[in-house]
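Student: Sharing a structure with you now.
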Amino acid sequence: MHTHLRQLSAVLDRTDAARVEAWGRRAARALRDGQRLFACGNGGSAAEAQHLTAELTGRFEDERAPLSAIALHAETSSVTAIANDYGYRQVYARQLRAHARPGDLLVCLSTSGDSENVVAAAKAARELGVVPWSLTGPGPSALEALSDETVAVPAPSTSTVQEVHLALVHVFCASVDAEFRVAGHTVFVPEGRAAT
Numbered sequence: 262m263h264t265h266l267r268q269l270s271a272v273l274d275r276t277d278a279a280r281v282e283a284w285g286r287r288a289a290r291a292l293r294d295g296q297r298l299f300a301c302g303n304g305g306s307a308a309e310a311q312h313l314t315a316e317l318t319g320r321f322e323d324e325r326a327p328l329s330a331i332a333l334h335a336e337t338s339s340v341t342a343i344a345n346d347y348g349y350r351q352v353y354a355r356q357l358r359a360h361a362r363p364g365d366l367l368v369c370l371s372t373s374g375d376s377e378n379v380v381a382a383a384k385a386a387r388e389l390g391v392v393p394w395s396l397t398g399p400g401p402s403a404l405e406a407l408s409d410e411t412v413a414v415p416a417p418s419t420s421t422v423q424e425v426h427l428a429l430v431h432v433f434c435a436s437v438d439a440e441f442r443v444a445g446h447t448v449f450v451p452e453g454r455a456a457t
């Protein structure tokens, strides 16, 4: 096996995936009750934030109703306007202040755990009554201090942290789908597709 893959496997063994599964179950209940999920990150972490929200608004593996999930970096006109007028540190926090309500969820992704705009979002979430969860690299970090719960991936390289974060995004989505099945919720079948 390639050295990188051996290192990745070792890090996966030391990562708290069970906590992310619990987040997925809690998120499913909140989303089913009309709450929203927001996600944010920078660079590769932004891509993973958008991957998460796409799996929720579309579907992961099971058919179910679309869920309200928003990747905050994807609203490019808002991001650029806020960055221009208030600084890049505020691009996520200001959007949360516009859209989030108490009981909503925020998933923060940051390999360092110290990205200023993501930290500002977590701080705003706490002020708004939004539940902040974070996926980071090795701690301690500013995000860990501001989040209700954090899974810190114990990997020295950014690339490995991001790979594990992507796997955890899939764990989260699988847990959401499983919670919908356990709850016995009616399976949503899109128009033009046959129920299975």
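Using the working numbering, read the sequence shown as starting at 262 and increasing by one per residue. From the three backbone atoms N, C-alpha and C, an ideal C-beta is built for every residue, glycine too. Since the model is a prediction, treat every value here as computed from it, not as a measurement.
To the nearest angstrom, how far is the alpha carbon of residue 277 from that of residue 292?
Tutor: Approximately 23 Å, taken between the alpha carbons.
Student: In this structure, does DSSP put residue 410 in helix, strand or coil?
Tutor: Here residue 410 sits in strand by DSSP.
Student: Could you check the C-alpha separation between residue 377 and residue 371 for me, to the nearest Å?
Tutor: Distance between the alpha carbons of residue 377 and residue 371: 10 Å.
Student: Give the DSSP bridge partners of residue 433, in chain order.
Tutor: Partner(s): none; residue 433 has no beta bridge.
Student: Within the same chain, show all residues whose beta-carbon is closer than 6 Å to that of residue 422, passing over the 5 residues directly before and after it, in chain order.
Tutor: Within the same chain, residue 422 has close Cβ partners 372, 398, 414 and 416.
Student: Is it the case that the region 337 to 354 contacts the region 305 to 324, given that we only count it when at least three CB pairs across the two stretches are under 8 Å?
Tutor: They do not touch, by the three-pair rule.
Student: DSSP three-state label for residue 321, please.
Tutor: Looking at residue 321 - three-state DSSP - the assignment turns out to be coil, as it is neither helix nor strand.
Student: Taking just the CA atoms, how far does residue 419 sit from residue 374?
Tutor: Using only the alpha carbons, I get a separation of about 11 Å.
Student: Between the beta-carbon of residue 366 and the beta-carbon of residue 296, is there less than 9 Å?
Tutor: Yes, they are a contact pair.
Student: Which same chain residues, not among the five before or five after residue 343, have their C-beta less than 6 Å away from its C-beta?
Tutor: The residues are 351, 352 and 355.
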